[in-house]
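Structure first, commentary second.
Numbering (the numbering used here), first residue to last: 1166 to 1270.
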């Protein structure tokens, strides 16, 4: 189970290199000591098509609870058009939501 940092026998069934995120840049935060911005890219094969939940769980998952990190914040997320096109969208439009919540404008 790669997500829990525990090695299990099924880890050997596939190459994890195909699915791991890659850090392609690190920059210091201007005016802040010991703070950095890391740029990380993930392969689209990692994500289940059309699942926002799967995408966010894969990207942030347990890392926000990782005790070795004192502070962590997701500042930006860019989703390739090819992946966005797999989302079906909500089952109904904004008008239905406004009617349910009685919120308009």
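Every residue, glycine too, gets a C-beta built ideally from N, C-alpha and C.
Asked                                                                                                                                                                             : Found
Within the continuous alpha helix (DSSP H) that includes residue 1152, where are the two ends?                                                                                    : In this structure the chain extends from 1166 to 1270, so residue 1152 is not present and cannot be described.
Is it buried or exposed, residue 1212, if we count other Cβ atoms within 10 angstroms and call 16 or more buried?                                                                 : buried
Any idea what DSSP makes of residue 1183, helix, strand or coil?                                                                                                                  : helix
Specify whether the region 1211 to 1225 and the region 1243 to 1252 touch according to this definition: at least 3 beta carbon pairs, one from each stretch, less than 8 Å apart. : yes
What is the C-beta distance between residue 1204 and residue 1190, in whole angstroms, given that I count them as a contact (C-beta under 8 Å)?                                   : 4 Å
Which residues share a DSSP beta bridge with residue 1197?                                                                                                                        : DSSP output for residue 1197 lists no bridge partner at all.
Which residues does DSSP pair with residue 1205 in a beta bridge?                                                                                                                 : 1188
Helix, strand or coil, according to DSSP, for residue 1217 in the structure here?                                                                                                 : helix
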